[in-house]
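See structure below.
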Amino acid sequence: MLNKDFIITAELQPPKGPSVDEFLNKAHILKTKVDALNVTDNQRAIVRLSSLAGCAMLVREGITPVFQITCRDRNRLAIQSDLLGAHALGIRNVLAITGDDISIGDHRGAKQVFDIDSIQLISIIAGLNKGITAGGSSLAGHTDFNIGATLNPFARPEELNMMRFEKKSMAGAKFFQTQPIYDINAFKKFMEKVKDKEVKIIAGILVLKSAKMAHFLNKNLPGVHVPFALIKELETSYDPKKKGLEIAARTIQTLKGIAHGVHIMAMGMEERIPEILEMV
Amino acid sequence: MIITKQKMLSDIIKAITGYKNIFITGCGSCATLCKSGGEEEVAQMEKYLKTKGFNITGSTIIDEACHVLLTKRTYREHLSKIKKSDAILVMACGAGVQASSNSVEIPVIPALDTLFLGNTIRFGVFEQYCSMCGDCLLEITGGVCPATRCPKGLLNGPCGGVDDDGMCEVDRTLKCAWVEIYESLKKRGHLDRMKKIIPPKDYSKNRHPGSLTLKKRKGSAK
Chain S
1 MLNKDFIITA
11 ELQPPKGPSV
21 DEFLNKAHIL
31 KTKVDALNVT
41 DNQRAIVRLS
51 SLAGCAMLVR
61 EGITPVFQIT
71 CRDRNRLAIQ
81 SDLLGAHALG
91 IRNVLAITGD
101 DISIGDHRGA
111 KQVFDIDSIQ
121 LISIIAGLNK
131 GITAGGSSLA
141 GHTDFNIGAT
151 LNPFARPEEL
161 NMMRFEKKSM
171 AGAKFFQTQP
181 IYDINAFKKF
191 MEKVKDKEVK
201 IIAGILVLKS
211 AKMAHFLNKN
221 LPGVHVPFAL
231 IKELETSYDP
241 KKKGLEIAAR
251 TIQTLKGIAH
261 GVHIMAMGME
271 ERIPEILEMV
Chain P
1 MIITKQKMLS
11 DIIKAITGYK
21 NIFITGCGSC
31 ATLCKSGGEE
41 EVAQMEKYLK
51 TKGFNITGST
61 IIDEACHVLL
71 TKRTYREHLS
81 KIKKSDAILV
91 MACGAGVQAS
101 SNSVEIPVIP
111 ALDTLFLGNT
121 IRFGVFEQYC
131 SMCGDCLLEI
141 TGGVCPATRC
151 PKGLLNGPCG
161 GVDDDGMCEV
171 DRTLKCAWVE
181 IYESLKKRGH
191 LDRMKKIIPP
201 KDYSKNRHPG
211 SLTLKKRKGS
221 AK
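Right, dumping it as structure tokens:
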């Protein structure tokens, strides 16, 4: 995945239930269109089929997964053991995430773990790649994971945000998937600042569905700024969903030559991702 | 101090239903300061339980309800009243309740929930700054504890949920602990401390039940 000139990944949520038909249908629609599919890990602190099982099923279907792991639900033992299992199942790409707070989900009384944070998780995976566990003991053999992390180019304070990015890269992250990017000029400036880093930066594309959604993102998603011109386009369109796909395609087009790839989040409209990519 | 909060009266009644004669114990330390188990609250409880048909055999405020020897001595002093009681309602933290249950043989019932080790911000306002992890790292983090002040306890910087005003996604009225740490270190010229990766916490220092026995050392201050 990381060897591609322009990496294209997309995000797929595992089902909230044991039936995987829709999940696999969507995966098959995307199979030849993307380089890898991220499988989310109890996103928004809501119970779903595990990202490990979802990734393993993708491997079986010949699709490259990105195994998302949050620090919320498992301690360092459970995470390492899941990682070794994932490796044995053919999973090679992992994305280390802090995880949404348990208070926003559907199990508010549950104990959230956070035994380690995402930067410590990256260090631990880097250790497994060298054959060493978090406890300092040796593994029989070593893993061979591509380690990824998340990045919000526009989080404030900027200096603090850059330090965190540096730490992730120092810990061993080789690729970064970012928060949704709409403001290309601001993103370009960020990429200028990090151009010497030997990491792949994969820009997040969150497909807009309506002007209302754009307003919501501006209000609630830190560091995300949908420019007024885009909101206007959505507002005046007869088919805002179609317009959202067009905007996504245009953004991807512009990002070629700026980012090392794009990560498409279609929020339930994954079957329409091929339409976006055809427009590019 | 240990911050406590009185349980719902309906839950207290539920817990003591079946007992007729109740002795009430309060605490002269933390529970007095958080107004959950001081003289005033014990008196109010006494009055309330009487209206509910309970017979109050007596009450006491122990200076430190968590002090086991002191608690035993207090109950010895009230022995005749304790003998007439079916249960003791303790208006103190969990440690206080257990010091009581250690000291008498009749049922001991908690009237409070124990919340956290708290700082007094002003009268009647308490906040948690320390979670007693046994592995203090405040010198690295500019005197702000990320393990306590960050709801996720992150040790290496903020999560993606810090908003443009530096507030926390879990509670928008709370400043992000890492923004506070950043500002504190910057002010003190110690920003370089943030650049090092802090390793996972050593939770072996925080196993429960905790236990500490002071040993006399030659040449120590005492």
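Residue numbers (our numbering), protein chains in the order written: chain S, 1 to 280; chain P, 1 to 222. Backbone N, C-alpha and C define an ideal beta-carbon position, used for all residues, glycine too. Bear in mind the structure is a predicted one, so any value in this text is a computation, not a measurement.
Chain S contact residues for residue i, given Cβ-Cβ distances below 8 Å
| i | result |
| --- | --- |
| P/M194 | L160, M163 |
Chain P residues whose Cβ lies nearer than 9 Å to that of residue i
| i | result |
| --- | --- |
| S/R76 | P200 |
| S/D82 | What S/D82 touches in chain P: nothing, since even the nearest Cβ is about 17 Å away. |
| S/R156 | V162, D163, D164, D165, G166, V179 |
| S/S123 | I197, P199, P200 |
Interface residues of chain S facing residue i [CB-CB closer than 7 Å]
| i | result |
| --- | --- |
| P/C159 | T98 |
| P/G153 | F114 |
Any C-beta of chain P under 8 Å from that of residue i
| i | result |
| --- | --- |
| S/S103 | yes |
| S/Q179 | yes |
| S/I79 | no |
| S/Q120 | yes |
| S/T40 | no |
| S/P227 | no |
| S/K167 | yes |
| S/P15 | no |
| S/P222 | yes |
For residue i, three-class secondary structure by DSSP
| i | result |
| --- | --- |
| S/S103 | helix |
| S/S123 | helix |
| P/S131 | coil |
| P/T213 | coil |
| S/V34 | coil |
| P/P158 | coil |
| S/K197 | coil |
| S/P274 | helix |
| S/N42 | coil |
| S/L49 | coil |
| S/L2 | coil |
Beta-carbon separation (whole angstroms), residue i vs residue j, contact threshold 8 Å
| i | j | result |
| --- | --- | --- |
| S/L234 | S/A211 | 4 Å |
| S/K209 | S/P240 | 6 Å |
| S/G148 | S/Q120 | Not really, about 15 Å apart at Cβ, beyond 8 Å. |
| S/N146 | S/N93 | 5 Å |
| S/S51 | P/V170 | Contact doesn't hold; Cβ gap of about 23 Å is too wide. |
| P/C145 | P/Y129 | 6 Å |
Beta-carbon proximity of residue i to residue j, cut-off 8 Å
| i | j | result |
| --- | --- | --- |
| S/K33 | S/E270 | no |
| S/D183 | S/H225 | yes |
| P/S80 | P/G143 | no |
| P/K201 | P/D113 | no |
| P/S36 | P/T60 | no |
| P/G26 | P/E41 | yes |
| S/I97 | S/D41 | yes |
| S/P222 | S/A173 | no |
| P/C133 | P/N21 | no |
| S/K193 | P/G157 | no |
| S/L95 | S/Q68 | yes |
| P/S103 | P/K72 | yes |
is_contact[residue i, chain S] using C-beta, thresh 8 Å
| i | result |
| --- | --- |
| P/E39 | no |
| P/L69 | no |
| P/I140 | no |
| P/N21 | no |
| P/V170 | yes |
The ligand FMN heavy atom lying under 7 Å from the CB of residue i
| i | result |
| --- | --- |
| S/I46 | Ligands in the displayed structure: none, and consequently the ligand FMN is not present. |
Interface partners of residue i on chain P, CB under 7 Å
| i | result |
| --- | --- |
| S/A171 | I197 |
| S/D117 | L154, L155, N156 |
| S/T150 | G160 |
Listed by chain order, chain S residues near residue i by CB distance under 9 Å
| i | result |
| --- | --- |
| P/G182 | In the sequence under discussion, the amino acid at residue 182 of chain P is Tyr, which differs from the Gly named in the question. Chain S residues near P/Y182: P157, E159, L160, M163. |
Neighbour list for residue i in chain P, Cβ cutoff strictly below 8 Å
| i | result |
| --- | --- |
| S/A134 | P200 |
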